[in-house]
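These notes concern the structure reproduced below.
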Amino acid sequence: MSKPDSDYVRIFDTTLRDGEQSPGATLTSAEKLEVARALARLGVDVIEAGFPAASPDDLQAVQRIAEEVGHTPRPDGTPPIICGLARATRGDIEKAWQAVEPAQRPRIHTFLATSEIHMKHKLRMDPEQVVERVVEMVGYARSLCDDVEFSPEDAGRSDPQFLYVVLAEAIKAGATTLNIPDTVGYTTPEEFGALIAGIVENVPGIEDVVISVHCHDDLGLATANTLAGVRAGARQVEVTVNGIGERAGNTSLEEVVMALHTRRPVFGLRTGVDTTQITRLSKLVSNYTGIVVPPNKAIVGANAFAHEAGIHQDGMLKHQTTYEIMRPETVGLNQSRLVLGKHSGRHAFSVRLEELGYRLQGDHLQRAFARFKALADKKKVISDADLEALIADELYQPPEVFALEGLQVACGTMGMPTATVRLRDPKGRQHVRAAVGTGPVDAAYKAVDQVIQVPNRLLEFSVHAVTEGIDAQGEVTVRIQEQRPGTADNGHAPKDPPRTFGGYGADTDIIVASVKAYLAALNKLLVARDGQAAAHVGAQTADVERA
Ligand code: KIV
Ligand code: ZN
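Counting from 1, position 322 in the sequence shown corresponds to residue 321 in numbering that gives the first Met the number 0; the numbering is continuous, with no gaps.
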């Protein structure tokens, strides 16, 4: 594999693997594919598409991404590398290879822990056995695939001298990228930078491979540690969109990319990312995972470019650089302009979508266009943000076990908020239910619960307006947690903890958007719990009103 210029930092995105390990971030295969397409548009170098040995569904999702996105040219003309994770076992490596092989540029990423804590308590292996296994499994992966990444898990807490030995052996066995994970987010930037510098200095053959860094944010230091690693010689960074991931998350893609971009004179490094796609991708991932971006989140938070204090506003009016180190346009914000209206035709509509980076065809395009016309009837001014919300809702494909066919609410100060919902189950039967609640959303959710009857807890509910103005579309994101009977509360982590599911919906009516989001999350829960086929017959037949 050819090595890029020494000032080029490869962006390795693991949103679909480590990111998907965040509580509640479970994505469907269709959602994963859509995120992978958006990552290719953004221009990331490597997409870690999943952990194929985790389940047949995971394997299939990675395979679909390899088949399609693994052949989609990025802005530089080459497709992204598609990578699959594997533990250091033959079975895992074979599954990873099966999944990524269809890509033009496949990669196998295998890992084994090297810290004393992990070797002793988790692996129950001594250091010699670990070295032996690394040599065997990296060699095996290399016999299948020309591009092999090896990670010594918990490198941040590993003995550096032992790490040098393991890494040197991995290189000899055929690894082409060595990734150094701070698995538990323990190190400080000084320590992590020194760890990478030590590797550059002490590992024979290191000049022939790419050094990668992979940091977690348990102490809020992931971005700082990643940048320290890059300054010490790493040329690949492992990141996730919005920083989602295990526990406190991974290093966030947008923070590292924009730090390298904004402070280029300091770092002297570049990436292949089209930064104007960042906001769009952040929203897509937030919608699909149901994980809301905090307003004060760097780069992609709602307040990241808002100036509230009078002194700041005064300064901004005099000169934008007084309080702004990046232009919002650089990350794809505030680019909305009036694009289409009620009289725009299908051609103008699809051309504008292509300009925004969406290539819709067939049924999708038909439906999206019909929705656009309906929206234009309600809302005279259609901005890019409106189009994006419409497309996000159209492309959003949670499994449709139950579909929303109708919703009627009555609310206000004069009576009890009441909602009636009509849902269609996969056999085409309609279920109509009404309920009273503390407000219209509560009433509508109670009516849905009467039909679907899946015990769950609403963990998060958030609404935001897509554009300004009274006629703005509303986007709703929810997260629900399944409730299982008899979960022991004995102080131990449950063996099989309850899962969390996200849902998203957009509409000019926020109660409709709220019900769409709730239904999407419930449908994902049903499929995860019962499997697609079983969920299809899960409806309560007693309340069928019309067949
Ligand atoms: O955090 C970690 O150590 C990982 C490895 C699998 C790279 O995610
Ligand atoms: Zn990780």
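Beta carbons are placed, not taken as given, at the ideal position from N, Cα and C, and that holds for glycine.
- The shortest CA-to-CA distance from Ala174 to any of Glu93, Asp146, Ser251 is the one to Asp146.
- A direct Cα-Cα distance of roughly 36 Å separates Ala65 from Asp125.
- For the set Phe401, Ala375, Ala446, the Cα lying nearest the Cα of Val408 is the one of Ala446.
- With respect to Gly289, Gly23 sits close: the two C-beta atoms are nearer than 8 Å.
- With contact defined as three or more Cβ pairs closer than 8 Å, the segment 357–369 and the segment 451–459 are not in contact.
- If you check the C-beta of Asn241 against the ligand ZN, you find no heavy atom less than 7 Å away.
- C-alpha of Val330 to C-alpha of Met413: approximately 46 Å in a straight line.
- Between the beta-carbon of Ala87 and that of Arg132 there is about 5 Å, and that keeps the pair under the 8 Å contact cut.
- Taken atom to atom, the span from the alpha-carbon of Thr270 to that of Ala443 is near 47 Å.
- Of the heavy atoms belonging to the ligand KIV, none sits nearer than 7 Å to the Cβ of Leu524.
- Checking the 7 Å criterion, the Cβ of Pro180 is within range of a heavy atom belonging to the ligand KIV.
- No heavy atom of the ligand ZN is found nearer than 7 Å to the CB of Asn224.
- Not one heavy atom of the ligand KIV is found less than 7 Å from the C-beta of Glu19.
- For Asn249, the shortest C-beta to heavy atom distance toward the ligand ZN is below 7 Å.
- Ranking Gly344, Val462, Val299, Gly340 by CA distance to the CA of Arg326 puts Val299 first.
- Distances taken from the Cβ of Leu84 to the heavy atoms of the ligand KIV include one shorter than 7 Å.
- According to DSSP, residue pairing for Arg498 in a beta bridge does not occur.
- In the structure shown, His342 adopts coil according to DSSP, grouped into three states.
- Secondary structure of Glu67 (DSSP, three-state): helix.
- Taking non-hydrogen atoms of the ligand ZN into account, the C-beta of Glu245 is found less than 7 Å away from one of them.
- With respect to the C-alpha of Gln480, the residue from Tyr517, Gly76, Gln319, Ile80 having the closest C-alpha is Tyr517.
- Residue state for Tyr322 is assigned as coil, using DSSP reduced to three classes.
- Inter-segment contact for the segment 96–103 and the segment 70–81 is present: three or more beta-carbon pairs are separated by less than 8 Å.
- The bridge partners DSSP lists for Cys82 are Glu47, Arg106.
- The residues Ala85, Ile107, Thr109, Met136, Tyr139, Ala140, Leu143, in chain order, have a CB closer than 8 Å to that of Ile92 in the same chain once the five nearest residues on each side in sequence are set aside.
- Between Val236 and Val208, the C-beta spacing is not below 8 Å.
- A Cβ-Cβ contact shorter than 8 Å links Ile198 with Ile179.
- Distances between the C-beta of Glu152 and the heavy atoms of the ligand KIV include at least one below 7 Å.
- Short note on His215: C-beta closer than 7 Å to some heavy atom of the ligand ZN.
- A residue is called buried when at least 16 other Cβ atoms come within 10 angstroms of its Cβ; Gln472 meets this threshold and is buried.
- Distances from the alpha-carbon of Asn286 to those of Glu474, Asn302, Met257, Pro497 put Glu474 closest.
- Excluding sequence positions up to five before and after Ile324, its CB lies within less than 8 Å of the CB of Thr261, all in the same chain and listed in chain order.
- In the structure shown, Val447 falls within a helical segment according to DSSP collapsed to helix, strand and coil.
- Take the alpha-carbon of Val431 and the one of Val400: they are about 16 Å apart.
- Taking 4 residues as the minimum length, the alpha helix (DSSP H) runs contained wholly in the segment 169–234 are 188–201, 221–230, in order along the chain.
- If you check the C-beta of Phe110 against the ligand KIV, you find a heavy atom less than 7 Å away.
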